[in-house]
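Data block below; observations after.
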């Protein structure tokens, strides 16, 4: 008996198969992205809860919130590098390593540092035992001191302090806001669109 020849696919059949695969891919890819974003949303909300707990413990222990975020007119603004230096100096001033010197942010020029508020929050919370233990619950993927291939630091009295910032699941530094009439600070993630002050922002409120 002669061996049976395998039937080859026709061009039409190949086109149909390709179309089906494209349809499946068109459905699967957006679904996969949606699922990933749902996990990222969940992780980011958990992060903000941990940070809010840490700030509350700090407030109970020190009698005040970590710092305010107001300009001279009382409007909310993000801390700048010079304010970060002042915050670090004020935090260190009551400790044994204080020498009355000035803080230098590294690497220079520090004006490129756009993470001052997040760095200040981590630095202050990490130096209070009651709040520092909550930082241990944060995934290492959400804490970084790297920027443009370099490690951000503060130099003071011959010592260097690494300045980690806290990021959300999309890799963006979280923001911390506080003004006197509020009962508690607001801790905010830019959310999936990675832009602050939009509808998908996530906060502890």
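In UniProt numbering, the protein residues as written are 1 to 205.
Backbone N, C-alpha and C fix where the C-beta goes; we use that ideal spot for every residue, glycine too.
Cβ neighbours of residue i in the same chain (closer than 8 Å, five flanking residues each side left out)
i, result
"residue 53", "134"
"residue 98", "92, 157"
"residue 74", "179"
Run of the beta strand (DSSP E) containing residue i, from where it starts to where it stops
i, result
"residue 187", "186–189"
"residue 155", "153–156"
"residue 160", "159–162"
"residue 178", "Taken as a continuous stretch (DSSP letters only), residue 178 belongs to no beta strand (DSSP E), as it is neither H nor E."
Inter-residue CB distance, residue i and residue j (contact presumed, cutoff 8 Å)
i, j, result
"residue 178", "residue 68", "5 Å"
"residue 59", "residue 50", "Their Cβ separation, rounded to whole angstroms, is 15 Å, which puts residue 59 and residue 50 out of contact at 8 Å."
"residue 40", "residue 169", "4 Å"
"residue 145", "residue 162", "5 Å"
"residue 107", "residue 150", "5 Å"
Alpha helix (DSSP H) segment containing residue i, residue limits
i, result
"residue 124", "116–126"
"residue 132", "129–135"
Proximal residues to residue i (C-beta, below 6 Å), its chain only, five neighbours per side dropped
i, result
"residue 173", "115, 118, 165, 167"
"residue 131", "54, 57, 58, 125"
"residue 104", "155"
"residue 204", "48, 52, 187"
"residue 89", "103"
"residue 194", "170, 172"
"residue 70", "179"
"residue 61", "128, 130"
Contact set for residue i: own chain, Cβ-Cβ below 7 Å, skip 5 residues either direction
i, result
"residue 127", "91"
"residue 101", "156, 157"
"residue 83", "116"
"residue 45", "202"
"residue 12", "none"
Proximity test, Cβ basis, 8 Å: residue i and chain C
i, result
"residue 18", "Annotation note: the requested chain C is absent from the structure, which comprises a single protein chain."
*Sufficient close CB pairs (3 or more, under 8 Å) joining the stretch 74–85 to the stretch 188–196*: no
*Would you be able to state if there are at least three C-beta pairs under 8 Å between the stretch 146–164 and the stretch 115–123?*
yes
*What runs of the alpha helix (DSSP H), each 4 residues or longer, lie entirely inside the stretch 57–113?*
81–92
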